[in-house]
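Each position in the sequence shown, counted from 1, maps to that position plus 30 in the working numbering.
Idealized CB from N, CA, C, for every residue including glycine.
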Amino acid sequence: MNTFLKALDGLKPTYPVYMDQEYESPCGKWGAAKNKQLRTDMVKAFLDVIQNAGYYAALYSSTDWLQNWVHDDQLAKYDKWVAQYASRCNYKVDYGMWQHRGNVSGFVGYCDGVYTAVDLNDCYKDYPQIIKANLLNNWTRADLDTAAKPETEKNPVTAISFLDAAELLKQAGYTSITL
Numbered sequence: 031m032n033t034f035l036k037a038l039d040g041l042k043p044t045y046p047v048y049m050d051q052e053y054e055s056p057c058g059k060w061g062a063a064k065n066k067q068l069r070t071d072m073v074k075a076f077l078d079v080i081q082n083a084g085y086y087a088a089l090y091s092s093t094d095w096l097q098n099w100v101h102d103d104q105l106a107k108y109d110k111w112v113a114q115y116a117s118r119c120n121y122k123v124d125y126g127m128w129q130h131r132g133n134v135s136g137f138v139g140y141c142d143g144v145y146t147a148v149d150l151n152d153c154y155k156d157y158p159q160i161i162k163a164n165l166l167n168n169w170t171r172a173d174l175d176t177a178a179k180p181e182t183e184k185n186p187v188t189a190i191s192f193l194d195a196a197e198l199l200k201q202a203g204y205t206s207i208t209l
């Protein structure tokens, strides 16, 4: 966990820090392949450490995984990013994002300018606002104060009136100026 948290050091993500738990994960190597409670406890342990370090912790998994491979009722306090390639998500518990397209027959995702299948997601929460308002993910009040201040111009332009401009042009030798 220390290595993971160290990788986040100095970053200010505007979206949650997700744990990705899926079928291809090393759960089998850890004896969790047939143990729903152990898989659930792994999620809780990981996300609690992330959350206690001041990050917005969340879980990315498929609908099937959440409904059948973990006790999703024990994970209610964590936000979810649900992967389900379908015309609508049928996960019944609250979730913040839904991945609905990818490289899956019938649900291939495309994006202008990208010439291969891509994952497409719908986001239902304003994560940047939530994270910044709650000073999570290394965001500080000073960051927000700095962002709220308009940047000062490096090369300020002085505004002059039309009459002043005409006078300056005459002084520069332009004689056909009429007002």
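Exercise. With a floor of 4 residues, list each alpha helix (DSSP H) that falls wholly inside the region 58-136, ordered by position along the chain.
Key: 66-82, 93-98
Practice problem: Can you tell me the Cβ-Cβ gap for K155 and L105, rounded? I've got them flagged as a contact below 8 Å. | Solution: Along the sequence shown, one-based indexing puts residue 155 at 125. Along the sequence shown, one-based indexing puts residue 105 at 75. About 17 Å; that fails the 8 Å criterion.
Self-check item: V144 versus G132 - alpha carbon distance
Solution: The count along the sequence shown starts at 1 and reaches residue 144 at position 114. The count along the sequence shown starts at 1 and reaches residue 132 at position 102. Distance between the alpha carbons of V144 and G132 is about 13 Å.
Self-check item: Residue environment, G126, which counts as buried when at least 16 other CB atoms sit within 10 Å
Solution: For this step, residue 126 is matched to residue 96 along the sequence shown. By the neighbour-count rule (16 or more Cβ atoms within 10 Å), G126 is buried.
Exercise. Classify Y157 as helix, strand or coil using the three-state DSSP reduction.
Key: Residue mapping note: residue 157 aligns to position 127 of the sequence shown, counting from 1. Of the three classes helix, strand and coil, the one that applies to Y157 here is helix, per DSSP.
Quiz prompt | DSSP-derived helix/strand/coil call for D175 | solution = By one-based count along the sequence shown, residue 175 stands at place 145. Three-state result, D175: helix.
Quiz item: Do three or more CB pairs link the region 161-173 to the region 136-150 at distances below 8 Å?
Solution: no
Quiz item: Identify the residues that DSSP records as bridge partners of N151: which are they?
Solution: Here the question's residue 151 lines up with position 121 in the sequence shown. N151 is bridged to Q129.
Exercise. Could you name the residues of the same chain whose beta carbon sits closer than 7 Å to that of D102, not counting the 5 residues immediately before and after it, in chain order?
Key: Residue mapping note: residue 102 aligns to position 72 of the sequence shown, counting from 1. For D102, where only same-chain residues beyond five positions count, the Cβ hits under 7 Å are L96, V123.
Quiz item: If we call anything under 9 Å between Cβ atoms a contact, is V148 one with Y86?
Solution: By one-based count along the sequence shown, residue 148 stands at place 118. By one-based count along the sequence shown, residue 86 stands at place 56. No, they are not a contact pair.
Quiz prompt | Buried versus exposed call for D17 [16 or more other C-beta atoms within 10 Å across all chains shown] | solution = Because residue 17 is not part of the residues shown, which for the chain are 31 to 209, the question remains open.
Quiz item: If we ignore side chains and look at the alpha-carbon of each, how far apart do Q159 and A116 end up?
Solution: Locating residue 159 in the sequence shown gives position 129, counting from the first residue. Locating residue 116 in the sequence shown gives position 86, counting from the first residue. So the alpha carbons of these two residues sit roughly 29 Å apart.
Quiz prompt | Own chain residues within Cβ distance below 6 Å of Q81, not counting five before or after | solution = To locate residue 81, count along the sequence shown from 1; it is residue 51. Cβ within range, chain order: A87.
Quiz item: Do the CB positions of W169 and K42 come within less than 9 Å of each other?
Solution: As a working note, residue 169 is residue 139 in the sequence shown. As a working note, residue 42 is residue 12 in the sequence shown. Yes, they are a contact pair.
Quiz item: With C-beta atoms as the reference, is D94 less than 9 Å away from W128?
Solution: Mapped onto the sequence shown, residue 94 falls at position 64. Mapped onto the sequence shown, residue 128 falls at position 98. Going by C-beta atoms, D94 is not nearer than 9 Å to W128.
Quiz item: Are the beta-carbon atoms belonging to Y140 and W111 less than 9 Å from one another?
Solution: For the purposes of this step, residue 140 is taken as the residue at position 110 of the sequence shown. For the purposes of this step, residue 111 is taken as the residue at position 81 of the sequence shown. No, they are not a contact pair.
Exercise. Just tell me which of L77, A83, T44 has its CA closest to the CA of D109.
Key: Counting from 1 along the sequence shown, the entry for residue 109 is found at position 79. Checking every option, the nearest Cα to that of D109 belongs to L77.
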